[in-house]
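Asker:
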Amino acid sequence: MFGVWMIWFLLWMLAGAWLYFAIFQGMGRRSISSRRRITLIGGWTTFSAVAAEVTRQSLNGYSPSFRLCAAVIIAFMLIGAAAGFLAASFINLRWSVSQSDIVAGIVGAWLAGWIEITLSYNPMSYVLPIAVIGAVFGTVATRIAIKVRCVTFTSDSEQV
Amino acid sequence: MIETISPSLTLVENSSPKLISSETHQGNSVSPRSAITKMVVVALLLRILIILCFHTYELQTRVVTDQPSGTHFAFGFETGSIAGSIARGEGFSSPFGVSTGATAWIAPVYPLMCAAIFKVFGIYTTASAIVILSLNSIFAALTCIPIYWIGKYVFNPRVATLSGWMWAVCVFFMRWPTTWIWEVSLSALLLSTLILLTFSAMTQEGRIGSIKLGGVWGLAAITNPSLLGVLPFSLCWLAVQRHRASRDWLKPILLTVAVTFAITTPWLVRNWIVMGKPLFIRDNFGFEFYLGNYHGSNGLGFMGKHPTKNNNQLQLYSQLGELGYVKHFQHEALNFVKHYPEEFSILTLKRIVSFWDGGEINYESYVYWRWKSWKMLVLAVPTAFGLLLAIGRNRNIRAGLLGLVVLLYPLPYYLAYPQERYRHAVEPEMLIVSCFLACALWDHISRGVTVNRLDESDQEFA
Numbered sequence: 001m002f003g004v005w006m007i008w009f010l011l012w013m014l015a016g017a018w019l020y021f022a023i024f025q026g027m028g029r030r031s032i033s034s035r036r037r038i039t040l041i042g043g044w045t046t047f048s049a050v051a052a053e054v055t056r057q058s059l060n061g062y063s064p065s066f067r068l069c070a071a072v073i074i075a076f077m078l079i080g081a082a083a084g085f086l087a088a089s090f091i092n093l094r095w096s097v098s099q100s101d102i103v104a105g106i107v108g109a110w111l112a113g114w115i116e117i118t119l120s121y122n123p124m125s126y127v128l129p130i131a132v133i134g135a136v137f138g139t140v141a142t143r144i145a146i147k148v149r150c151v152t153f154t155s156d157s158e159q160v
Numbered sequence: 161m162i163e164t165i166s167p168s169l170t171l172v173e174n175s176s177p178k179l180i181s182s183e184t185h186q187g188n189s190v191s192p193r194s195a196i197t198k199m200v201v202v203a204l205l206l207r208i209l210i211i212l213c214f215h216t217y218e219l220q221t222r223v224v225t226d227q228p229s230g231t232h233f234a235f236g237f238e239t240g241s242i243a244g245s246i247a248r249g250e251g252f253s254s255p256f257g258v259s260t261g262a263t264a265w266i267a268p269v270y271p272l273m274c275a276a277i278f279k280v281f282g283i284y285t286t287a288s289a290i291v292i293l294s295l296n297s298i299f300a301a302l303t304c305i306p307i308y309w310i311g312k313y314v315f316n317p318r319v320a321t322l323s324g325w326m327w328a329v330c331v332f333f334m335r336w337p338t339t340w341i342w343e344v345s346l347s348a349l350l351l352s353t354l355i356l357l358t359f360s361a362m363t364q365e366g367r368i369g370s371i372k373l374g375g376v377w378g379l380a381a382i383t384n385p386s387l388l389g390v391l392p393f394s395l396c397w398l399a400v401q402r403h404r405a406s407r408d409w410l411k412p413i414l415l416t417v418a419v420t421f422a423i424t425t426p427w428l429v430r431n432w433i434v435m436g437k438p439l440f441i442r443d444n445f446g447f448e449f450y451l452g453n454y455h456g457s458n459g460l461g462f463m464g465k466h467p468t469k470n471n472n473q474l475q476l477y478s479q480l481g482e483l484g485y486v487k488h489f490q491h492e493a494l495n496f497v498k499h500y501p502e503e504f505s506i507l508t509l510k511r512i513v514s515f516w517d518g519g520e521i522n523y524e525s526y527v528y529w530r531w532k533s534w535k536m537l538v539l540a541v542p543t544a545f546g547l548l549l550a551i552g553r554n555r556n557i558r559a560g561l562l563g564l565v566v567l568l569y570p571l572p573y574y575l576a577y578p579q580e581r582y583r584h585a586v587e588p589e590m591l592i593v594s595c596f597l598a599c600a601l602w603d604h605i606s607r608g609v610t611v612n613r614l615d616e617s618d619q620e621f622a
C-alpha cells in the first residue's frame, strides 16, 4: 500500500509542476521570487501528500467523503492562515505580515493536522491545538529559512 | 573571537565550563556555587517530601497476587527481582520474580545498587523502598548541577538559573525519582553529565578530559545501554569541533572509546562466561523489539505477551532459557519486518509521534500518578521551538549538540516501543532549551513594550 501512496504522491507532484509551468508561461512571467517558489513548492508537496493519503485510505476501504475532506482541508487552511498571521504579527510586534507567513501557516497546519490524524494515538480533540502549533512552527521556520527580516527575535538570552 | 553572553560577562569562545565556573556575576551577590547548592538542596527536600507525604514507597511494597511473577514484583520489577536474587546470594539472576537462572536481561549498575541497599535494610522492606527512592531523589537533585552549567555554557546565566530552578521545583520532573524503582533518574544525571563533559572536552588538552568522558560513558553504558545510541553522534560532533579549532581530535576520541570499552569489558566477560556466548550489555532487545512489532500490533509494546504478565510466556522462557527465548522472538520480529515492511514503517512513524506527543499514554494501564498525554506536549513543543530558534536562527553550535542528543537518543524506542518514562533521560536538555525559548520570548515582548513606550513618549513630545 505504501507503493500506491508513493505513486499517487508523485502523480500529484508532477501535476503540480506541470500546472506551475503552464500558469506562469501563460502569464508571460519567466521568473518568480525565491520566497514565493519555496512557499509554492512547500504548499504543493503538502497538498500532494494529503491527496495521496486520502487515496490510500479510500483504497483501504475507509473512504472519507469528498465533503468531509474538503471541509477539513479548508478548516485547516483558515486555522493555519490565522495562526500564521498572528505568529508573524507577534514576531514583527505590529500588525504587518508577508504573504509567505500566511502560506507557511497554512502548510504547517495541514502537515501537523495530517500527522496528528493519521499517526497519533491521541483523541481527535488534540488535532486542533496541534494544527495551530504546526502553523506557528511553520511560520517561524519559514522566516528563518528564507531569512525574512524580523524586527527583533534575536534575544539577549542567546550568547552567540 | 570574543563573544558577549551578558553585558557584564564575556568569555573567549570555546572556553571550557571549568573556566566559566570561576566567573561570578557582577552586580549579583549570589555566586553560581551558592545558587546551585540551593537548587540541589531544594530539589532533594521536595522529592523526599513527596515520597513521605504521599507514601509512594507503598506502591513498591504492595503484594501482587494476580501475576505469575511473584508477590513482590511491584518492587522494582525486573530490577527489584534481580537485586533480590543478588542479596540472597543467588547472583545476577531471575528477572521475573521466580527462580529462572542467570540473566543479562538488564544492565548491572542499578540492580547492584539496589542489592547493596537490600543487604543493609532488608529485601523488599519498606525501609529499602524509602532508601532507594531517596537515592533516586539524590540523583535527580544532583542533575541540577549539569543543567546549570550546560545552560550557562550553551546560552547564558539567566537560562542556566531558570533551568536549574525549574528542574528543582517543578512537580512534572519529580514523578520518576519518587515513584519508580528503575535507573530513570540516574540515566538523566549521566546523560546531562556526559553533555557537560563533551563541552569541556572541546577545549581541553591532555588526556584527563578524554579519560573522564570515557569513564562516564562506560558507567552510562552499564547503567542504561540505550544512552549509547548518542555516543557515536556526540563523539563525531566533538571531533568536528576540535578539528575546526585546529586541535588534535583523533587521539582524544580513540582514548574516550578505549576507556568506555575498558569499563564495560568486565560485564561483557561475565556475560560470555555465565551466559555461554558473547553478548552485549543486555540481551533482551530482540524480545522488546518483538513486543512492538508483530502483525496487527499497535506498535506500543503489548505487555500481555510479557513473561511478567503471561504465565505461558514465563513457562516458555523457563523452557527455552533466556537466550533461546530472546532468539525465538527476535526471529519472529525480523520475519514480521521482512514480510510486512509497510506495516513496520507505519508503526515506526506512529512510535516516533507517540514518543513526542504522549499518545501511548492512552494505552497504558492505570497504576498511579496518571498523566494525560498533553503533558508530554508541554515540554516537547517549546523544545522544538527553542531548538529552531537556537540552531536555525542563531546558529548556536553548542545547542546543536543538545538537538542531536534530544532527537537521536530515542532511536531504540522508535524501533521497539515508547513509554513516557523513557523520555526522562533527555528532559534536562529539553528543559534547558525550553527555558532559553522562554527567556527569548520575554526579551522579545519586553523589548517591544519598551519600543512602544518610546513611540508614545515621542508622540507626546511632538
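Line by line, the protein sequences give chains Z and W.
Taking my numbering, the leading residue of the first sequence gets 1, the next gets one more, and so forth.
Taking my numbering, the leading residue of the second sequence gets 161, the next gets one more, and so forth.
For glycine and all other residues, C-beta sits at the position ideal for the given N, C-alpha and C.
I need the straight-line Cα distance from W:Leu-302 to W:Tyr-569, nearest angstrom please.
Answerer: Approximately 21 Å, taken between the alpha carbons.
Asker: Please report the distance separating the alpha-carbon of W:Ala-267 from that of W:Ala-276.
Answerer: So the two alpha carbons sit approximately 16 Å from each other.
Asker: Can you list, in chain order, the residues of its chain with a C-beta nearer than 7 Å to that of W:Ile-512? Leave out the 5 residues immediately preceding and following it.
Answerer: Excluding residues within five positions, the ones whose Cβ falls inside 7 Å are Tyr-574.
Asker: When the Cα of W:Arg-222 is compared with those of W:Cys-213, W:His-215, W:His-232 and W:Pro-228, which residue comes out closest?
Answerer: Of the candidates W:Cys-213, W:His-215, W:His-232 and W:Pro-228, the one whose C-alpha sits nearest the C-alpha of W:Arg-222 is W:His-232.
Asker: Should the region 317 to 329 of chain W be regarded as contacting the region 526 to 543 of chain W, the criterion being three or more beta carbon pairs within less than 8 Å?
Answerer: With a cut-off of 8 Å, the region 526 to 543 of chain W and the region 317 to 329 of chain W do not count as touching, because too few Cβ pairs lie within range.
Asker: So if I threshold CB-CB distances at 7 Å, which residues from the region 91 to 120 of chain Z count as touching chain W?
Answerer: Under the 7 Å Cβ criterion, the region 91 to 120 of chain Z contributes Leu-93, Ile-115, Leu-119 and Ser-120.
Asker: If you reduce the DSSP assignment to three classes, tell me which class W:Ser-241 lands in.
Answerer: Helix.
Asker: With a Cβ-Cβ cutoff of 7 Å, do W:Ile-341 and W:Gly-240 count as a contact?
Answerer: Their beta carbons are under 7 Å apart, which means W:Ile-341 touches W:Gly-240 by this criterion.
Asker: Entirely within the region 201 to 277 of chain W and at least 4 residues each: give me those alpha helix (DSSP H) ranges in chain order.
Answerer: Taking only runs of at least 4 residues, the alpha helix (DSSP H) segments lying wholly in the region 201 to 277 of chain W are 218 to 221 and 237 to 247.
Asker: Of all the residues that make up the region 532 to 552 of chain W, which are near chain Z by a beta-carbon distance shorter than 9 Å?
Answerer: Hits within the stretch, in order: Ser-533, Trp-534, Leu-537, Val-541, Ala-544, Phe-545, Leu-548, Leu-549, Ala-550 and Gly-552.
Asker: Locate the alpha helix (DSSP H) running through W:His-488, then write down its first and last residues.
Answerer: W:His-488 -> alpha helix (DSSP H) spans 471 to 499.
Asker: Checking 7 Å against the spacing of the C-beta atoms, do W:Ile-413 and W:Leu-395 come in under that value?
Answerer: Yes.
Asker: Suppose the cutoff is 8 Å on Cβ atoms and the five residues either side in sequence are ignored; what does the same chain contact list for W:Ser-182 look like?
Answerer: The pLDDT assigned to W:Ser-182 is 40, lower than 50, so where the model puts this residue is not dependable; a value taken from the coordinates is nonetheless given after this. Excluding positions up to five away in sequence, the list is empty.
Asker: Of all the options Z:Trp-18, Z:Leu-19, Z:Leu-10 and Z:Ile-133, which has the alpha carbon lying nearest to the alpha carbon of Z:Ala-83?
Answerer: That would be Z:Ile-133, whose Cα lies nearest to the Cα of Z:Ala-83.
Asker: With hydrogens ignored, establish whether the beta-carbon of Z:Leu-86 is closer than 6 Å to any heavy atom of the ligand SAH.
Answerer: The model on display carries no ligand, and the ligand SAH is accordingly not part of it.
Asker: Would you report the Cα separation of W:Ala-544 and Z:Thr-142, rounded to the nearest angstrom?
Answerer: C-alpha separation (whole angstroms): 14 Å.
Asker: From W:Pro-501 to W:His-491, what distance separates their C-alpha atoms?
Answerer: Roughly 15 Å between the two C-alpha positions.
Asker: When burial is assigned at 16 or more other CB atoms within 10 Å of the CB, is W:Asn-431 buried or exposed?
Answerer: The residue in question, W:Asn-431, is buried, as its Cβ has 16 or more Cβ neighbours within 10 Å.
Asker: Counting only runs that start and end within the region 49 to 103 of chain Z, where is the alpha helix (DSSP H) found for 4 or more residues in a row?
Answerer: Counting only runs of 4 or more, we get 66 to 92.
Asker: Give the residues from the region 491 to 523 of chain W that approach chain Z closer than 7 Å (Cβ to any Cβ), ordered along the chain.
Answerer: Of all residues in the region 491 to 523 of chain W, Glu-502, Ser-505, Leu-509, Lys-510, Val-513, Ser-514, Asp-517, Gly-519, Glu-520, Asn-522 and Tyr-523 have a Cβ within less than 7 Å of some Cβ in chain Z.
Asker: Do you know how far the Cα of W:Asp-603 is from the Cα of W:His-185?
Answerer: Here W:His-185 scores only 45 on pLDDT, less than 50, and its place in the model is too uncertain to base an answer on.
Asker: If we ignore side chains and look at the alpha-carbon of each, how far apart do W:Gly-378 and W:Gly-249 end up?
Answerer: Rounded to the nearest angstrom, the two C-alpha atoms are 26 Å apart.
Asker: What ranges does the alpha helix (DSSP H) occupy inside the region 334 to 382 of chain W, keeping only unbroken runs of at least 4 residues that lie completely in it?
Answerer: Whole alpha helix (DSSP H) segments, 4+ residues: 335 to 339, 344 to 361 and 368 to 381.
Asker: Against chain Z, does W:Gly-608 count as a neighbour if the rule is that its beta carbon must be under 7 Å from one of theirs?
Answerer: Judged by the 7 Å Cβ criterion, W:Gly-608 is in contact with chain Z.
Asker: Cβ of Z:Ile-133 less than 7 Å from any chain W Cβ?
Answerer: It does: the Cβ of Z:Ile-133 has a partner Cβ on chain W nearer than 7 Å.
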